[in-house]
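**Q**
Numbering (mature numbering (1 follows the signal peptide of the UniProt record, and there is no 0)), first residue to last: -29 to -1, 1 to 188.
(1) On a CA-only basis, which of 153, 33, 115, 78 is nearest residue 146? Give me that one, please.
(2) Assign residue 28 to one of three DSSP states: helix, strand, or coil.
(3) Below 8 Å between beta carbons: does that hold for residue 30 and residue 52?
(4) For the stretch 37 to 116, which segments carrying the beta strand (DSSP E) assignment without a break, of at least 3 residues, lie completely within its bounds, in sequence order?
(5) Return the CA-CA distance between residue 138 and residue 23, expressed in angstroms with no decimal places.
(6) Does the count of Cβ pairs from the stretch 41 to 48 and the stretch 124 to 143 closer than 8 Å reach three?
(7) Suppose contacts are defined by Cβ-Cβ distances below 8 Å. Is residue 87 in contact with residue 105 by that definition?
(8) Rounded to the nearest angstrom, what separates residue 7 and residue 142 at their Cα positions?
(9) Thinking just about the alpha-carbon of each residue, which of 72, 118, 123, 21 is nearest to the one in residue 14?
(10) Is residue 2 helix, strand or coil when you go by DSSP?
(11) Just the Cα atoms here: how many angstroms apart are residue 91 and residue 81?
(12) Per DSSP, residue 141 is paired with what?
(13) Can you look up residue 171 in the DSSP assignment and give me helix, strand or coil?
(14) Under 8 Å between the Cβ atoms of residue 10 and residue 84?
(15) Among 98, 152, 89, which residue has its Cα nearest to the Cα of residue 110?
(16) Considering Cα atoms alone, identify which of 39, 114, 27 is closest to residue 59.
(17) Residue 156 to residue 25, Cα distance in whole Å?
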């Protein structure tokens, strides 16, 4: 009498594992990606750092012309100007009677429109009343983007410094004369050459903490 031997395996466990693998691959493949920055835009930002310093920042981003401008008003304090060029040169100055200016040379230019490429998707969360997709970039910033409009809503540095986007005007360009650093920036202003970016706050194109650095004429 021949013994009946079943040749049909029962790959339940294997099939389940493969299903989980396919689901995870599908989820990874369909994760949202951050919208590249417009080539030119104007934005008003409200910034708050861990020391309680509040700032309103008038941001002008102009990639085609290789320049970025942060006009920073401290609460009940100075208005400071952070003028950045894609050749790595940044001018930090005031336009008051003190005529303060500092020049720094960085090994990188301004942020590229696609600077968020490669960011890790973290999911969705409500931020400032908006449903946002959230990404983490190179272990120093969380970036929040409105799901509905794809506009940036907020970014938060790992140090605790937080920026809130109040306005975001695509295509707005600051007139050329406003991009000229004052003449005293070229008359003995202190210059610093940065061999490398020493902290996340020196990631050019995002508002930095240069305000904590004493201005030297």
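A virtual CB, placed ideally from N, CA and C, is assigned to each residue, including glycine.
**A** Looking at the atomic coordinates:
(1) 33
(2) strand
(3) no
(4) 38 to 45, 50 to 56, 60 to 64, 72 to 76, 91 to 98, 101 to 108
(5) 22 Å
(6) no
(7) no
(8) 14 Å
(9) 123
(10) coil
(11) 22 Å
(12) 12
(13) Confidence in residue 171 is poor, its pLDDT being 36 and thus under 50, which makes the residue's placement too unreliable to answer from.
(14) yes
(15) 89
(16) 39
(17) 26 Å
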